[in-house]
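Here the structure is laid out as structure tokens; the discussion comes afterwards.
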Amino acid sequence: MSHNYGSIDYWEGRYQKDPNQTEWLQRFASEPGDMAGIICDMIPDGDSKILVVGCGFSRMSEELADEGYTNVTSIDISYNAINLCKEEYGETYSGLTFK
-18 MSHNYGSIDY
-8 WEGRYQKDPN
2 QTEWLQRFAS
12 EPGDMAGIIC
22 DMIPDGDSKI
32 LVVGCGFSRM
42 SEELADEGYT
52 NVTSIDISYN
62 AINLCKEEYG
72 ETYSGLTFK
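All letters in the sequence shown, in the order written, are residues -18 to 80 by our numbering.
See the structure below:
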């Protein structure tokens, strides 16, 4: 079975059928040498504007907010994924925007 990852229909269907959070590569803070250390070293200012492209229904935006980043915009091609993020994080994190 092949997946057309470039298709909006694929992603809409995927998040409609399986609304569970998914990490494709690794979590933000999962182990030594993880993305948290790299991002925090490269972007030490918590007020910096951060764009998470293709956020899906990942925990990345939440984990950035937990790390103290207050201006995180996350975007995705999937309307369903963005709605899941808004429902999950919209009332808890004021510094997160999903589009």
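The beta carbon of each residue, even a glycine, is placed where N, CA and C say it ideally should be.
Distance between Gly(-13) and Asp28, taken at the CA atoms: about 32 Å.
The beta carbons of Gly37 and Asp57 sit closer together than 8 Å.
Judged by DSSP in its simplified three-state form, Ser55 adopts strand. Tyr(-4) and Leu65 do touch by the CB rule: their CB atoms are close to 6 Å apart, below 8 Å.
With a 10 Å radius around the Cβ and a threshold of 16 neighbouring Cβ atoms, Ser39 comes out buried.
A residue is called buried when at least 16 other Cβ atoms come within 10 angstroms of its Cβ; Tyr60 does not meet this threshold and is exposed.
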